[in-house]
Each structure stands twice: as structure tokens, then as C-alpha cells.
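So the structure is just underneath, and the comments pick up after that.
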Amino acid sequence: MDQSKAPILDALADYHRMDRYGFTPPGHRQGRGADARALEVLGADTFRSDVLSTAGLDDRKSSNGYLSTAEQLMAEAVGADKAFFSTCGSSLSVKASILAVTQGKGDLLIGRDAHKSVVAGLILSGLEPRWINPRYDSELHIAHPPSPEEVEKMWQRYPDARAALITSPTPYGTCADIQKIAEICHARGKPLIIDEAWGAHLPFHDKLPTWAMDAGADICVVSVHKMGMGFEQGSIYHLQGDLVDSTRLSQCADLLSTTSANVMIYAAIDGWRRQMVHDGKELLDKALQLADGLRQDIEQLQGIHVLGPELIRVEASHDLDPLHVLMDVSELGISGYQAADWLRANCRLDVGLNDHRRIEATLSQSDDEETTGRLLDGLRQLIDAAQDMPEPKKVRLPEWKDLEADAVMLPRDAFFGPVENVPFDEAAGRISAEQITPLSARDPCRAAWRTHQPGRPGLPSLRSGGRDGPARSCRSKPANHPGGGAAAG
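Going by my numbering, the first residue of the sequence shown is number -9, and it counts up by one from there.
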């Protein structure tokens, strides 16, 4: 196929050139009726490019096949059998993948550090989650993707599970050994889904961690808006092999997705693919060099340490995306939360992930010496300001064993069952009826587990470092669950 083409982007250019006008949605009519104040902020071109995909960009029968051709070009560009675009984010793509591989029946092996969309998929499907323990660094208090050995152990325990789902990379940039995990799954004839939301760029450079499709995954979900050049909500789910029915996967996505897909999101994905095929290696070469220099410069700053080798040591992760620049600020006597808030308030800089001792700056091919210079200036100012900041609130950090608990009800049953709000102090021994999802919507303390009994560290850990509030729990059912109500999620 001709990778210099961008069919959706080209069709949008043709739409403008031909001066089409539709008596159809959107009602703003390419901005003609939009409020002037909205136009001033959003720009006229935003409205001008917001057109219908069918009976707009394409005809009422989609006879030109702009979207399907763009998806074929994407699949060819990255070596997948098929690619499907989504304008509802990777959250939808993950749910569709879960439904497609399980048909809503049986068990699913899932890494405990899964995104909240995975739990939503469990609620929608009625599946039983079988949680795979991640590699937990008890010194750094970071959960890395599960090891192949842990996946093997869970397959031996639950041989009839329908599939496995692993998150890699994590928001910290740490990665699983997908190749070995895929081999373990395929030896049993079972598919492997990789939530690779942070890895859209991985196929385009050989010095980055191995892309999931190259490592043998059956389905790989990526968020183009995270590490690619797409708009928010732009996602692609890739498919290869014969363990997953591509028609069923497409049907499941169609079942969940909007019927009013945003053409601009499609067009941005299409344009980004063309850019990466032609210039991706060079762009990522520059980004990797920039990240290496930034890491060295930050490491020279007093009181801030850039994490690197300790994230891929034994019993840590298999690989690391160096574009995730994770910084420990604890030597400054402040928390990552304080650092993130201060940088936003005083330097107009936003960082992504932040926790009790760390902040993270994620670089992309868009960054350069100017943007990293702003970050370095902000960090220098932060160092000077840290001495006058109040002592951070203590966060109680439990051991991994203290975070484990048993699921006693299906997520679906817990979500739709009767619930009540209870004071935090009365929540121990009850069952969570909703998710706990801090840390970029990923948290090892999933609502799928029974909350800890009084005296255990689970609830105090959640409570430490912040304000108190009500805890939501299922009504107790003492006949079936003496310890309290039942839930999973």
C-alpha cells in the first residue's frame, strides 16, 4: 500500500476544497452558528473540520472506504493483521477486547495493576477476574507488570480461563516480558491482550521496548493521544493471529462505541501514521537523545534523583521506556504531590504521574531543548522553594501482602447490588462497591478485593496523607458472607 497517503486527512481536505455543506449534524455548520467567544478560544478551523464521517466526509454508503483504507494502512505500517480506530479512547478498546475474547463467559486472568476500564469491562461482561500479582518493589513501592512465572502459575491454577490481560508499559514506563507471556498463553491455545496505552510509539524505533505485536500478543490496545500525535480519545486496537475472531472484535467495539465518531480524531491518527512511517525513526532518535540529556541534567540537581536502573533490576520490570522521566523528590523533604502542585501554581508546568515521593515528566517527539529547559528551570525553582514548604503528610505504605484480599462476589453483582455509604472507620470488613483508582487510574488496591479487617493496614493506608470521607460499601449479607457485604471489581 502507498504509505504516503492519508485517506481520511485527504478526504477532509477535499471536503473543504469542494465547499460541501450539509443539512445534517453537527448543528454548528462548520462554525457558522458557533458563539464568537467559543470561536476565539477554539479557533474556526476546529469547527470547520468537525463534519460527519458518513453522509458528510464520505457518502451515505461509505463507498469510498476512507476509514477502512486508513485502518489497513495502519496495520501494514506496524505489522499487524488488522487495525481498528476508536474515537472513544483505549477504555472502549479494552472493553471491546474483553468481550470479544470471552463472549461474556468464564474467567479472565488480569494483572492486578489494570486500568479502571478493565474493571468496567468485568462489570459489563459479568466475568470472574483472576488477579495476577504484579512484581511489587517493596523499597520503591512501585508495582511492575507481572512476571512470566506468575502468569504461568495462574494458568496452572485456572486452566479454563478464557484469556490473559496484561498492562505494559505501566504509567512508570516499566514493561512486561510480553514474548514469554505470549508463549505461555499460546501453549494453552489462549489469547493474550496487552493494554499498551502508553506504547503507541513503540513500533517505530528499535531502541524502545518491544512492541506487543512483535512480541506475539494477539490484541494490542494503544492510545495515540498519549505517546503519539493524536487528539485525546484517539485509540487503536491491533489484532493478529487466529485466536480472536476479528469480526466479533469489530462487532463488540461497534456495540460500545459512539455512532457520532469525531472525524478530526480519525484524521489525526491517519496523519500520525503517515508521519511515523516516513519520519518516525528520526523523530524518536531526537526524542531519545533529548531524554538522555534531560536525565543527566536533572541528576545533577541537588535533592532530585532520576530513576533508571532500579526500575529494571532483578524482580523489577523487564524493560523501560526512557521517555518516562521519573524523579524522586523525597530528599527535598517534600512529597511528589506537593512538587506537582507547586510546579503548576508557580511555573505553569504540569507533570503527569505523581505520588508520595515522585513526579514524572513524559517526553514525546514534540519536545525539544526549549520545553525541557522550562522543566529544568522549574525544578531549580522547586529546589529553592522546597525548604519553605510544610512537612508533607505521612503516607502509610503497606507491604504487598497487606494489600491482597479475597474477592467474594463478581464485579457485576457488586456494582448492581444494594449499597450503602458508611463512615470510613466502619468500612473495615465490608466489601467495596466501587473502584479505588488513584495513580493515573491504576491502583493495586482494586475494589475487587475484600476490604481489610480491623487492624490490617489496607484502610489506614488509603486514609493516610489525605482528608477523610465516606466509604461506599455493599449492604452486608451475613448469611453468605459473615465478614460483611460482598463485592468485587
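Note that CB positions come from ideal geometry on N, CA and C, so glycine has one too.
Values in this document were obtained by computation on a predicted structure and should not be read as measured data.
The Cβ neighbour count for D244, taken over all protein chains shown within 10 Å, is under 16; the residue is labelled exposed. Cβ contact annotation for D208 (same chain, cutoff 6 Å, sequence separation greater than five): P181, L182, G231, L233, V234, in chain order. Among the bridge pairs identified by DSSP, F75 is matched with I226. A direct Cα-Cα distance of roughly 21 Å separates E360 from D269. Scanning the stretch 181 to 265 from its first residue to its last, the whole beta strand (DSSP E) runs of 3-plus residues come out as 182 to 185, 209 to 213, 225 to 229. Non-local beta-carbon contacts of I373 in its own chain, meaning distances under 8 Å to residues more than five positions away in sequence, involve L291, Q292, G293, I294, L322 in chain order. The C-alpha of Q425 is placed about 15 Å away from the C-alpha of V412.
Residue P119 holds the alpha-carbon nearest to the alpha-carbon of R152 among R364, P119, S128, S236.
Listed as beta-bridge partners of G101 by DSSP are I122. The stretch 119 to 138 and the stretch 273 to 281 do not touch, with fewer than three beta-carbon pairs separated by less than 8 Å.
By DSSP's assignment, I156 forms a beta bridge with I184.
Every alpha helix (DSSP H) stretch that sits fully inside the stretch 339 to 410 and reaches 4 residues is listed by chain position as 359 to 376, 401 to 406.
S80 sits in a helix when the DSSP states are folded into three classes. Taking W390 as the centre and dropping the five residues before and after it, the same chain places the C-beta of Y126, S128 closer than 7 Å to its C-beta, in chain order. The beta-carbon distance between L29 and Y256, rounded to whole angstroms, is 23 Å. This is too long to meet the 8 Å contact definition.
Selection T249, H191, M144, P149 evaluated against I226 yields H191 as nearest (Cα-Cα).
Here Y11 is exposed, its C-beta having fewer than 16 other C-beta atoms within 10 Å. Exclusion of the five residues before and after A70 leaves M203, H228, Q230 as the residues of its chain whose Cβ lies within less than 6 Å of its Cβ.
For the 8 Å CB-CB criterion, L117 and D103 do not form a contact. Residues of the same chain with a CB within less than 8 Å of the CB of D367, apart from the 5 flanking positions on each side, are C337 in chain order.
Counting only the Cα atoms, Q328 lies some 13 Å from L339.
A distance below 6 Å between beta-carbons, with the five flanking residues on each side excluded, links L89 to the following residues of its chain, in chain order: S115, C242. Contact between I122 and V91 is absent: CB atoms are separated by about 16 Å, not below the 8 Å threshold. Per DSSP, the unbroken alpha helix (DSSP H) holding H6 starts and ends at -3 to 7. The residues H295, V296, in chain order, have a CB closer than 8 Å to that of E289 in the same chain once the five nearest residues on each side in sequence are set aside. Judged by DSSP secondary structure, M317 falls within the beta strand (DSSP E) whose first and last residues are 314 to 318. With contact defined as three or more Cβ pairs closer than 8 Å, the stretch 164 to 172 and the stretch 307 to 318 are in contact. In the three-state reduction of the DSSP assignment, H18 falls in the coil class. Cβ-Cβ distances below 6 Å link G46 to G12 in the same chain, with the five nearest sequence neighbours on each side left out; the list follows chain order.
A check of alpha carbon separations from W332 across E350, T362, A375 identifies A375 as the nearest. Under the three-state reduction of DSSP output, A133 falls in the strand class.
For D287, the closest alpha carbon among the candidates R19, D49, L365 is that of L365.
Residue state for S53 is assigned as coil, using DSSP reduced to three classes. Exclusion of the five residues before and after V214 leaves A190, G220, G224, S225, I226, I259, W262 as the residues of its chain whose Cβ lies within less than 7 Å of its Cβ.
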